[in-house]
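Throughout, this note's numbering is defined as the position within the sequence shown, counted from one, plus 10.
Input: a single structure, listed below in structure tokens.
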Amino acid sequence: MIELTISEAGFALADLRAIHDGPVRLTLDDVARKRIAASAATVEAIVASGKTVYGINTGFGLLASERIGDGELAQLQKNLILSHCSGVGEFMPDEWVRLMMALKVMSLSAGVSGVRLEVIDTLLALLAHEIYPCVPAKGSVGASGDLAPLAHMSAVLMGVGEVRRGGHIMTAAEGLSLAGIPPVELAPKEGLALINGTQASTAMALSGLFKTLRVFGAALVAGGMSVDALKGSDTPFDPRIHAVRGHAGQKDVAAVLRQLIAGSDIRNSHVDCSRVQDPYSLRCQPQVMGAALDAIRFAAQTLTTEANAVTDNPLVFSDPAEALSGGNFHAEPVAFAADLLAMVLCEIGNLSERRLSILVDPKMSGGLPAFLVKDGGLNSGFMIPQVTAAALASENKGLAHPASVDTIPTSANQEDHVSMAAHGARRLSDMAWNTANIVGIEVLAAAQGLDFHRPLKSSAPLEMAHAAVREQVAHYDQDRYWADDLERGANLVRSGALLPDIDWPAPLDCLK
């Protein structure tokens with residue numbers, strides 16, 4: 011279990027990935043605790059003053075003009091949570107929920123949400139005991155925040171709903187008891203502070219980002235292997251070409267490809283061949299994957315900012331004491347980041363499938379056997395795996411339609427423009443799964459292609475990747491049952507096992 015302290019420094023991207031990947035124990039520093047206490051005291055003062063303030067002593071949404079009596083304020087917060095537990099579908103995986111909880115703690119720790127320490131400490135205790143609320147994955151439109159998912163998370167604090175620990179589902183009351191945590195009775199403003207925010211969308215988008223990074227790195231390795239297996243040229247990766255265009259991602263991808271191919275005996279064997287230019291899917295990898303890397307960096311920066319942001323409404327400031335209504339709950343930045351990542355995943359898959367197509371085509375592959383197998387006709391080799399890759403690449407094209415261009419009014423038109431960040435972020439995991447399979451198939455095919463060049467060896471980094479493949483999947487000398495091998499190939503992509511020890515540019519440098 012990792013241990014992190016929440017402070018003004020916030021979460022770095024590496025912290026967020028660590029929270030996503032495994033259990034975490036979070037603590038608040040003293041400065042955060044003082045901020046939180048001051049904000050909660052400000053809410054108490056507002057209630058005592060008799061002022062009407064949205065979210066503290068009013069209804070919500072279109073019912074914001076309804077003043078609630080002081081004797082009903084606790085019931086108001088409880089009703090808010092229960093009424094918003096309206097999510098549907100399968101439960102989110104633990105990594106999403108764990109990250110969502112941590113992001114909510116980070117937001118509340120800024121001390122402008124009016125939430126008491128005991129509420130935040132309950133979230134921290136659940137995280138420390140690896141007890142995660144069961145949160146249906148569907149039901150948010152990304153404004154006002156992720157209301158339904160966060161309500162399911164928040165209901166657990168009151169002992170309502172279900173939780174999961176070690177894969178075992180139990181009632182929230184049982185989970186709290188297991189951790190020795192008493193249920194919380196929410197005070198004024200606390201229910202709204204808990205469910206108003208972009209933490210569910212941001213957690214899902216970050217999960218998609220981390221999966222995209224793994225797929226992206228593996229796709230560069232696959233691309234390098236394919237270039238060598240196809241006796242392609244490394245001239246298109248010359249730094250002078252990329253310096254005069256100037257895009258950072260393009261220059262960085264070209265540098266990675268140079269490292270991957272440098273020292274290859276296969277490359278050295280055909281330096282003076284008569285081929286002038288390679289197909290675009292080989293030659294233009296720096297341009298395509300570089301643009302993807304730039305997009306990944308933008309998305310990573312956006313999501314890191316959002317992970318450390320306060321996305322509650324209204325915000326309660328202590329000096330001077332004032333509650334301000336705004337719109338930080340609107341998840342448009344997350345929606346844009348998710349849409350960018352969807353396009354990136356789509357293009358990684360498109361490029362990989364095209365290289366695979368060249369590998370299996372004897373008219374294009376420069377002497378490799380048809381479908382990369384001996385005795386073609388009797389054996390079909392990689393014929394149908396390429397069809398599978400094509401199917402997945404096309405499925406991703408449909409999934410890549412931008413979610414952020416859609417909106418539908420909710421709450422009787424009070425919330426008349428929404429971000430659709432939640433489903434934009436949620437689909438990234440499906441797209442990453444598809445793309446990992448595409449790249450995994452290419453890796454198997456490229457390794458097969460390298461085998462046909464023996465005794466010539468590829469470069470040291472690519473031989474390492476080839477060895478990782480051969481530890482899991484044997485050379486394909488005759489037709490056999492494919493599905494298990496394809497799954498192993500995809501797992502090599504997802505696990506990071508293909509990534510050699512080279513200079514990876516940020517944010518890929520966190521993969522090894």
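Heads up, the beta-carbon is just placed ideally off N, CA and C, and yes, glycines get one too.
Given the structure is predicted, the values throughout are model-derived calculations rather than measurements.
Contact annotation, M474 with P515: C-beta distance approximately 19 Å; criterion of less than 8 Å not satisfied. Within the same chain, and ignoring the five residues on either side of G391 in sequence, the residues whose Cβ sits closer than 6 Å to its Cβ are F381, L382 and V383. In the DSSP assignment, R464 falls outside any beta strand (DSSP E), carrying neither H nor E.
The beta carbon of R27 lies closer than 7 Å to those of F220 and C520 in the same chain, with the five residues before and after it left out.
When DSSP assignments are scanned along the stretch 326-407, the uninterrupted stretches of beta strand (DSSP E) that are 3 or more residues long and fall wholly within it turn out to be 331-334.
With contacts defined as CB atoms closer than 8 Å, I16 and A42 qualify as a contacting pair.
Per DSSP, the beta-bridge partners of E13 are R35. Residue burial is scored here from C-beta neighbours: H485 has fewer than 16 other C-beta atoms within 10 angstroms and is therefore classed as exposed. Closest in C-alpha terms to P471, from the list R285, K407 and L230, comes L230. Contact between S211 and S119 is ruled out by a C-beta separation of about 19 Å, above the 8 Å threshold. Between G171 and H178 a beta carbon distance of about 15 Å is seen, past the 8 Å cut, so the two are scored as non-contacting.
Secondary structure at A42: helix, using DSSP grouped into helix, strand and coil. P471 carries a helical assignment under DSSP once its states are collapsed to helix, strand and coil. Taking 8 Å as the cut-off, the beta carbon of G152 is found no closer than this to the beta carbon of A399. Residue range V98 to F101 is occupied by the beta strand (DSSP E) that includes G99. If you draw a straight line from the Cα of D489 to the Cα of A478, it comes to about 22 Å. Comparing alpha carbon positions, the residue from M168, L202, P198 and G201 closest to S187 is M168.
If you look at E172, you'll find it in the beta strand (DSSP E) that goes E172 to R175. Distance check between A58 and each of R108, K241, T181 and G79 places G79 closest, using alpha-carbon atoms only. Counting only residues of its own chain and dropping the five nearest sequence neighbours on each side, L378 has a CB closer than 6 Å to the CB of G459 and F462.
Scanning H257, C294 and C144 for the CA closest to the CA of D304 turns up H257. Taking 8 Å as the upper bound for CB-CB distance, A215 and A435 are in contact here, some 4 Å apart. By the CB criterion at 8 Å, R365 and L292 fall inside the cutoff. Under the three-state reduction of DSSP, I191 is assigned to coil, being neither helix nor strand.
Within the stretch 197-238, the complete alpha helix (DSSP H) segments at least 4 residues long are 200-205, listed from N- to C-terminus. The stretch 128-135 and the stretch 408-416 do not touch, with fewer than 3 CB-CB distances between them shorter than 8 Å.
F226 places its beta carbon less than 8 Å from that of I306. H178 sits in a strand when the DSSP states are folded into three classes. Contact between the stretch 275-287 and the stretch 325-336 is absent: fewer than three C-beta pairs spanning the two stretches fall below 8 Å. Its chain contains G20, F21, L26, L113, M116, T212 and L216 as the residues whose beta carbon lies nearer than 8 Å to that of A317, once the 5 sequence neighbours on both sides are disregarded; these appear in chain order. In the structure shown, K148 falls within a strand segment according to DSSP collapsed to helix, strand and coil. Secondary structure at E140: coil, using DSSP grouped into helix, strand and coil. DSSP places K88 inside the alpha helix (DSSP H), whose first and last residues are L83 to H94. Here the C-alpha atom of V173 lies approximately 23 Å from the C-alpha atom of A197. Collapsing the DSSP output to three states places T321 in coil. Three or more pairs of CB atoms, one per stretch, sit closer than 8 Å, so the stretch 498-507 contacts the stretch 443-456.
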